[in-house]
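This report refers to the structure that appears directly beneath it.
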Amino acid sequence: MAKKYLLDYEYVISFNGDTIIDFDVLGFINKKSQKTISLLSGHSIETLPKTLVLGDGNELLGIEGPAGGYFYETRGRAKMTYSNYVGVNILPSTLISELHYNEGEFLGIFGNQDLIELALAKGYKAKVINSIKIKKFFSINTIDEFKEVEGLLNQNG
Numbered sequence: 000m001a002k003k004y005l006l007d008y009e010y011v012i013s014f015n016g017d018t019i020i021d022f023d024v025l026g027f028i029n030k031k032s033q034k035t036i037s038l039l040s041g042h043s044i045e046t047l048p049k050t051l052v053l054g055d056g057n058e059l060l061g062i063e064g065p066a067g068g069y070f071y072e073t074r075g076r077a078k079m080t081y082s083n084y085v086g087v088n089i090l091p092s093t094l095i096s097e098l099h100y101n102e103g104e105f106l107g108i109f110g111n112q113d114l115i116e117l118a119l120a121k122g123y124k125a126k127v128i129n130s131i132k133i134k135k136f137f138s139i140n141t142i143d144e145f146k147e148v149e150g151l152l153n154q155n156g
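Mapping to numbering that gives the first Met the number 0: the sequence shown position 123 is 122, numbers consecutive.
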């Protein structure tokens, strides 16, 4: 049922549930490309657990994290660069309508048979946008991080 409603829109923007971010949303949306998943990255963000591996033209090649790396693409590894992933994406709604999954099933991101791998198999691309200014960013992965961010937000408004 949800797929039907998504087709009323050209793109869907998604945010990780553990992310609080203040950035130029319209600037990010304006950088999107047809048949491309756009992933937001920020050079100003301190090291995060997951690092995007990029090829020419900011094409997503894979990801590296505490549990190791996962690569979608083996070509272009000679010119790899790295960038932080802040958990914000723009997805073409047509991609979601083309995927076969059961409602409520989480496809995940960054791993075997994840959303990006399925999109690449269907002819979509995945590119990283790292030219957008990020004013504030918090990633909340633990109760301690939650308490720390809560205190900062209460203090600074």
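Don't be surprised by glycine CBs; every beta carbon is placed ideally from N, CA and C.
Where residue i falls, given that 16 or more other Cβ within 10 Å makes a residue buried
i, result
"residue 80", "exposed"
"residue 48", "exposed"
"residue 37", "buried"
"residue 34", "exposed"
"residue 24", "exposed"
"residue 27", "buried"
"residue 88", "buried"
"residue 83", "buried"
"residue 155", "exposed"
"residue 40", "buried"
Residue i, enclosing beta strand (DSSP E) - first and last residue
i, result
"residue 86", "80-91"
"residue 64", "59-64"
"residue 67", "67-70"
"residue 51", "50-53"
"residue 21", "18-22"
"residue 128", "124-128"
Whole-angstrom C-beta distance between residue j and residue i, which should lie under 8 Å
i, j, result
"residue 90", "residue 10", "7 Å"
"residue 115", "residue 152", "That belief does not hold up - the Cβ atoms of residue 115 and residue 152 are roughly 31 Å apart, past 8 Å."
Span of the alpha helix (DSSP H) around residue i
i, result
"residue 34", "Run containing residue 34: none; DSSP gives neither H nor E here."
Same chain, Cβ closer than 8 Å to residue i, five either side skipped, listed in chain order
i, result
"residue 71", "59, 60, 61, 115, 116, 119, 125"
Contact set for residue i: own chain, Cβ-Cβ below 6 Å, skip 5 residues either direction
i, result
"residue 145", "139"
"residue 13", "88"
Contacting residues, own chain, Cβ-Cβ under 7 Å from residue i (five flanking each side not counted)
i, result
"residue 132", "22, 23"
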